[in-house]
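Numbering (the working numbering), first residue to last: 463 to 593.
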Amino acid sequence: MIGWMHHTPRWAVISACGIAAVLLLVGASAHVADLLSHGLHPYKWAPGWLNLYWSSLALFDTLAAVLLIRGKRRGIDLACAIMATDLAANWYAVHGIQHSNFAAQPGLQRLTGFAALVLGTAPIIRRHLTK
């Protein structure tokens with residue numbers, strides 16, 4: 463492990479967890495709104511499995527945010543799993559289904575930035591969280 467990772471300031475860990483938790487809750491609220499408005503299949507253009515995955519994020523985003531707020535390693539682990547799979551699902555939807563591109567999709571741009579934040583900071587902050 464690189465030496466500076468051992469000495470990451472507490473404020474940096476708390477800030478990274480707080481930002482990730484807030485953004486996960488923003489995502490969860492969007493998924494909850496979609497569920498309430500359109501049910502389990504809010505995106506008619508997407509296959510059923512993709513709709514179910516995105517609908518499940520209403521629960522998983524919330525769970526990851528709560529675990530991060532509580533300072534749990536499982537929170538960052540779950541956030542990483544969510545970001546990796548959500549990013550893959552969204553890239554597939556944009557390129558494989560909608561035949562669009564990254565430049566035309568601001569939502570995908572924001573998600574990619576958030577995934578980079580979570581995945582990039584995870585190794586640094588994970589060691590400072592409790593089991």
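Positions of the beta carbon are idealized from the N, C-alpha and C atoms, including for glycine. For clarity, every value in this text was computed on a predicted model and none was experimentally measured.
Inter-residue spacing [alpha-carbon to alpha-carbon] between residue i and residue j
i      : j      : result
Lys593 : Gly489 : 25 Å
Trp553 : Pro471 : 34 Å
Met463 : Ile586 : Any reading at Met463 must be qualified, since the residue scores a pLDDT of 47, below 50, and its modelled position is unreliable; no value is offered.
Gly533 : Phe522 : 16 Å
Ile559 : Ala543 : 23 Å
Ala492 : Ala474 : 27 Å
Leu591 : Ala527 : 14 Å
Leu519 : His469 : 33 Å
Ala551 : Thr574 : 12 Å
Bridge partners - residue i, DSSP secondary structure assignment
i      : result
Lys534 : Thr592
Other residues of its chain near residue i: CB distance less than 7 Å, five sequence neighbours each side excluded
i      : result
Ala555 : Ala508 and Leu512
Leu525 : Leu540
Among the options, the one whose alpha carbon lies nearest that of residue i
i      : options                   : result
Leu529 : Val494, Pro585 and Ala482 : Ala482
Gly480 : Ile531, Thr524 and His561 : Ile531
Residue j beta carbon less than 8 Å from that of residue i
i      : j      : result
Thr547 : Ala478 : no
Val429 : Ala541 : The question about residue 429 has no answer here: the residues shown for the chain are numbered 463 through 593.
Phe576 : Leu485 : yes
Leu502 : Ser517 : yes
Sequence-distant residues of its chain with Cβ nearer than 6 Å to residue i (five each side left out)
i      : result
Arg589 : none
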